[in-house]
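Asker: Sending over a structure as structure tokens; questions will come in a sec.
Residue numbers (this note's numbering): 1 to 393.
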């Protein structure tokens with residue numbers, strides 16, 4: 001059954017997202033277990049693979065009702081294989097002794113997720129020649145990508161990560177240069193809601209990371225105060241997206257038609273939203289490590305500073321998130337959000353100095369910076385913000 005303009009997110013799509021929640025948690029843990037630039041690179045490459053899987057089914061759910069008929073079975077099948085992908089993430093780059101050779105098993109499961117999507121989509125496009133053509137072009141880009149990932153399973157170190165990057169570029173660029181012609185976006189509201197929900201899921205990971213960082217360690221006033229700062233940071237990231245950016249993006253998508261709508265959806269959501277998710281996941285990793293420093297008094301002093309890779313994931317991740325938000329404004333309104341770019345640059349430039357600040361104070365500074373940015377925007381652009389809220393209320 002084809003989706004229409006009034007189509008909304010179904011419960012089976014929300015159920016599908018639960019698997020993605022676990023996959024994000026596994027990816028954050030992968031980076032935490034390999035806390036180095038290469039380990040972070042592996043985590044980001046993994047996130048890009050997972051993102052492509054999730055986006056594929058978001059587009060499918062906008063084309064047909066995935067909670068009906070054969071499509072429902074395809075979603076459950078994809079969910080099962082995607083869960084196997086998630087379970088294999090810790091071994092996707094380095095196989096553990098015993099059991100299956102996990103790197104190859106990961107690639108096989110990933111390929112099955114993508115193939116199930118193509119089969120379901122081709123079934124939905126049986127009366128649409130244009131959509132069938134673009135799906136076959138996507139399949140043509142998938143084959144070399146999967147082959148490169150399969151080859152990377154037998155390598156290690158920089159060569160392995162390098163092949164992952166090449167495989168991802170082959171897949172992403174194939175879809176980008178294929179162009180929007182042939183893609184169908186039936187319900188802008190459904191599409192915007194799907195991506196808004198995945199941003200919330202990623203932000204939830206940052207909150208969970210605080211709890212994991214504290215773990216079974218004793219509560220103290222310092223831990224409690226730092227936890228409030230971490231939550232304030234997550235809330236500030238929510239605000240900077242949902243208060244205006246999400247509303248404007250959905251409005252632009254709704255106003256566009258035909259090829260322009262598909263192009264806007266590809267640029268603003270499929271590609272640019274990846275930078276938001278990547279930024280949030282990096283912040284989650286930084287928060288997780290910050291609370292290990294703050295709460296684990298047996299191994300860290302209360303005044304110990306976060307340093308090295310963990311602090312760069314916190315500040316750099318937030319900078320990536322703010323740059324991504326500004327890029328969304330550029331794509332949808334034609335101009336950059338300069339204050340967010342300035343804050344992003346300040347965060348990166350100040351990181352060497354922040355490596356000498358206690359971890360708890362670092363969280364206070366970063367959260368205060370985001371809340372200060374929100375306050376400035378509310379005062380400086382109060383009238384424009386009011387018009388946006390009125391137009392989309």
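C-beta atoms are modelled at their ideal positions from N, C-alpha and C, and glycine is treated no differently.
#1: Of the choices 169, 254, 164, whose alpha-carbon is the least far from that of residue 193?
#2: Please name the residue, chosen from 320, 45, 311, that lies closest to residue 161 on a Cα-to-Cα basis.
#3: State whether the segment 175-185 contacts the segment 211-230, with contact taken as three or more CB pairs (one from each stretch) at a distance under 8 angstroms.
#4: Considering only residues of the segment 99-156, which uninterrupted alpha helix (DSSP H) runs meet the minimum length of 4 residues and lie entirely inside it, listed in chain order?
#5: Would you check if the distance between the CB atom of residue 86 and the CB atom of residue 26 is smaller than 8 angstroms?
#6: Report buried or exposed for residue 259, applying the criterion of at least 16 other Cβ atoms within 10 angstroms of its Cβ.
#7: Where do the N-terminal and C-terminal ends of the alpha helix (DSSP H) with residue 218 fall, by residue?
#8: Measuring only the C-alpha atoms, how far is residue 305 from residue 232?
#9: Using 8 angstroms as the Cβ pair cut-off and three pairs as the minimum, do the segment 341-351 and the segment 308-328 touch?
#10: Between the segment 100-116 and the segment 72-83, do three or more beta carbon pairs fall short of 8 angstroms?
#11: Just to confirm my understanding: we take residue 188, look at its own chain, exclude 5 residues before and 5 after, and list those with CB closer than 6 angstroms. What are they?
#12: If we count the other Cβ atoms within 10 Å of its Cβ and call it buried at 16 or more, is residue 33 buried or exposed?
#13: When you compare the segment 122-138 with the segment 95-105, are there three or more beta-carbon pairs, one atom per stretch, that lie closer than 8 angstroms?
#14: If I follow the unbroken alpha helix (DSSP H) through residue 375, where does it start and stop?
#15: Can you tell me where the alpha helix (DSSP H) holding residue 308 begins and where it ends?
#16: Enumerate in chain order the residues of its own chain whose CB-to-CB distance from residue 234 is below 6 angstroms, with the five nearest sequence positions on each side excluded.
#17: Does the segment 293-302 come within contact of the segment 265-282, defined as at least 3 CB pairs closer than 8 angstroms?
#18: Quick check: residue 190 and residue 8, are their CB atoms within less than 8 angstroms of each other?
#19: Relative to the C-alpha of residue 274, which residue among 257, 199, 303 is closest?
#20: Buried or exposed for residue 63, going by 16 or more other Cβ atoms inside 10 Å?
#21: Please classify residue 240: is it buried, with 16 or more other beta-carbons within 10 angstroms of its beta-carbon, or exposed?
#22: Going by alpha carbons, who is nearest to residue 356 out of 185, 284, 307?
#23: By Cβ distance below 7 angstroms, which residues in the same chain neighbour residue 153 in space, the five residues on each side in sequence not counted?
Answerer: Short version:
#1: The residue given as residue 193 occupies position 193 in the chain shown. Residue 193 has its Cα closest to that of 254, out of 169, 254, 164.
#2: Here residue 161 is taken as the residue at index 161 of the chain shown, counted from 1. Check the Cα spacing between residue 161 and each of 320, 45, 311: the tightest is with 45.
#3: Verdict: no, contact absent.
#4: Listed in chain order, the alpha helix (DSSP H) elements of length 4 or more contained wholly in the segment 99-156 are 102-124, 129-152.
#5: Counting from one through the chain shown, the residue named residue 86 turns up at place 86. Counting from one through the chain shown, the residue named residue 26 turns up at place 26. The criterion of a C-beta distance shorter than 8 angstroms is satisfied by residue 86 and residue 26.
#6: For the purposes of this step, residue 259 is taken as residue 259 along the chain shown, with counting starting at 1. Exposed: under 16 other Cβ atoms inside 10 Å.
#7: In the chain shown, residue 218 corresponds to position 218, counting from 1. Residue 218 -> no alpha helix (DSSP H), and no H or E assigned at all.
#8: As a first step, residue 305 must be located in the chain shown, where it is residue number 305. As a first step, residue 232 must be located in the chain shown, where it is residue number 232. Distance between the alpha carbons of residue 305 and residue 232 is about 20 angstroms.
#9: Short answer: they touch.
#10: Touching, per the Cβ criterion.
#11: On the chain shown, residue 188 is found 188 positions in, with the first residue counted as 1. If we look at residue 188 and ignore the five residues flanking it on each side, its Cβ neighbours are 253, 254.
#12: Reading the chain shown from its first residue, position 33 is the one you call residue 33. Answer is exposed; the Cβ neighbour count stays below 16.
#13: Inter-segment contact for the segment 122-138 and the segment 95-105 is absent: fewer than three beta-carbon pairs are separated by less than 8 angstroms.
#14: For the purposes of this step, residue 375 is identified with residue 375 of the chain shown, where counting begins at 1. Looking at the DSSP string, the run of the alpha helix (DSSP H) that includes residue 375 is 359-380.
#15: Against the chain shown, residue 308 aligns to sequence position 308. Careful: residue 308 lies outside any alpha helix (DSSP H) and carries neither H nor E.
#16: Residue 234 sits at position 234 when you count from the first residue of the chain shown. So the list reads 203, 206, 207, once near-sequence residues are dropped.
#17: Contact fails: fewer than three Cβ-Cβ distances are below 8 angstroms.
#18: Translated into positions along the chain shown, residue 190 becomes position 190. Translated into positions along the chain shown, residue 8 becomes position 8. Between residue 190 and residue 8, the CB-CB gap stays under 8 angstroms.
#19: Along the chain shown, one-based indexing puts residue 274 at 274. Of the listed residues, the one whose Cα sits closest to residue 274 is 199.
#20: Numbered from 1 along the chain shown, position 63 holds the residue referred to as residue 63. Answer is buried; the Cβ neighbour count reaches 16.
#21: Indexing the chain shown from 1 puts residue 240 at position 240. By the neighbour-count definition (other C-beta atoms within 10 Å, threshold 16), residue 240 is a buried residue.
#22: The residue labelled residue 356 in the question sits at position 356 within the chain shown. Ranked by Cα distance from residue 356, the options 185, 284, 307 are led by 307.
#23: For the purposes of this step, residue 153 is taken as residue 153 along the chain shown, with counting starting at 1. Cβ neighbours of residue 153 beyond the five flanking positions: 103, 104, 107.
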